[in-house]
Every structure is written in C-alpha cells, then in structure tokens.
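Asker: Dropping a structure here in structure tokens format, bear with me for questions.
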C-alpha cells in the first residue's frame, strides 16, 4: 500500500527507466509509424544522455531538445501499490526551465499533432498552443487551474480523475 504522510512502508522492488509523459507520448507516436519531433529540455548529465539516446533509438527526432549545462534532467518518482493506485512526484529540473523562446515555432506549426503536458512551464505550453496548427492534446499533469484561453486551444484533454476534479472545481473524497 501507499504510505500515509510521515509513514514509511516496505516496498517489493524498483525500476529505473527513461521516460516522462512527453517522452513516452513521443515514443508511442513513433511506434505507430509517425514522424515525431520532441521539444523539451534535458540536463547535461548522464540521465539526459540516456533519455536522448532512447528517444533517438525509438525514431524520435531530438534536434529540438535543448540541453541545460547547469540543470539536471527531470525526474519522476512513482510509487504503485498492489491495486495499481499510484502517487507521483515530478521534479522538472531542466524541463521546468523550458521557456517560450526555446520553442521552434516552425516545427510546432508543421506538426499534425502537438502533445503537451504541464511538466513544462504553463507559459511555454501556452506559447506552443499558439504556434500549433494541428491537433493539440494536453495531459494536464501536474494538475493546476488552467486559463480559459488555453483550454479553448486544446482539442483533446487527457486528465486523470484528480486532474479532472481540479479542472471542474469539484473535490475528491
């Protein structure tokens, strides 16, 4: 089971892999035979090297992925219990520094589908939706309120129940 605040529980195993919501979406699209370019930022560390190598191996263009010389590559800590419930803590690190000026407007504008998530700053997500001419898909995680102007530019919203409750102004039990 997942620990309560302040509690320590024993786990049964762990795994370390490349990914992140954006990287996982890009790899999935590439596996479907699509031309995919990743836009984001990694650190100049081993984790960034591994992530870029994994994306390249999956057929994802990384030409528009920026590298931060001073920040680490982002990390997500995910705990999953026996019922498949999970808790996730995201440390965006370099991705959290991705600014609107780092975006390649031509790449985003030429994309048939633009997949976004909130692991990059909200103002960068807003800029990307402004450049997009194709379908815009947003996974609103980590959850926080979104401006109506941004929501009006989203074609497909992919929230989990917690994110949906926050966006709808409802509370979870």
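In the working numbering, the protein residues as written are 13 to 185. Even glycine gets a Cβ: it sits at the ideal position worked out from N, Cα and C.
When the Cα of residue 115 is compared with those of 96, 135, 98, which residue comes out closest?
Answerer: The candidate whose alpha carbon is nearest that of residue 115 is 135.
Asker: Over what stretch of residues does the beta strand (DSSP E) that includes residue 120 continue unbroken?
Answerer: From DSSP, residue 120 is part of no beta strand (DSSP E) but of the alpha helix (DSSP H) over 117–122.
Asker: Determine the DSSP secondary structure at residue 10, reduced to helix, strand or coil.
Answerer: In the structure displayed, the chain extends from 13 to 185; residue 10 sits before or after that span and is not available.
Asker: With which residues is residue 91 paired in a DSSP beta bridge?
Answerer: For residue 91, which the question treats as bridged, DSSP gives the partners 99.
Asker: Starting from the N-terminal side, write out each stretch of the beta strand (DSSP E) that is 3 residues or longer and does not extend beyond the stretch 34–60.
Answerer: Qualifying beta strand (DSSP E) stretches, in chain order: 52–55.
Asker: Please name the residue, chosen from 142, 100, 144, 147, that lies closest to residue 175 on a Cα-to-Cα basis.
Answerer: Comparing Cα-Cα distances from residue 175 to each of 142, 100, 144, 147, the minimum goes to 100.
Asker: Which residue wins for smallest C-alpha separation from residue 26, given the options 36, 65, 91, 111?
Answerer: Residue 91 is the option with its Cα nearest to residue 26.
Asker: Enumerate in chain order the residues of its own chain whose CB-to-CB distance from residue 119 is below 6 Å, with the five nearest sequence positions on each side excluded.
Answerer: So the list reads 49, 76, once near-sequence residues are dropped.
Asker: Tell me the rounded alpha-carbon separation between residue 22 and residue 88.
Answerer: Spanning the two alpha carbons is a distance of roughly 19 Å.
Asker: Are the stretch 147–157 and the stretch 120–132 touching by the rule of at least three beta carbon pairs closer than 8 Å?
Answerer: Yes: the two stretches touch, three or more of their Cβ pairs being nearer than 8 Å.
Asker: Check this for me: beta carbons of residue 184 and residue 156, under 8 Å apart or not?
Answerer: Not a contact, by the Cβ cut-off of 8 Å.
Asker: Using the beta-carbon count (16 or more within 10 Å), is residue 104 buried or exposed?
Answerer: Under this definition residue 104 is a buried residue.
Asker: Contact defined as beta carbons within less than 8 Å: I believe residue 51 pairs with residue 106. What is the distance between those atoms, to the nearest angstrom?
Answerer: Their Cβ separation, rounded to whole angstroms, is 13 Å, which puts residue 51 and residue 106 out of contact at 8 Å.
Asker: Mapping DSSP to helix, strand and coil, what is residue 16?
Answerer: In the structure shown, residue 16 sits in coil (DSSP, three-state: anything other than H, G, I, E or B).
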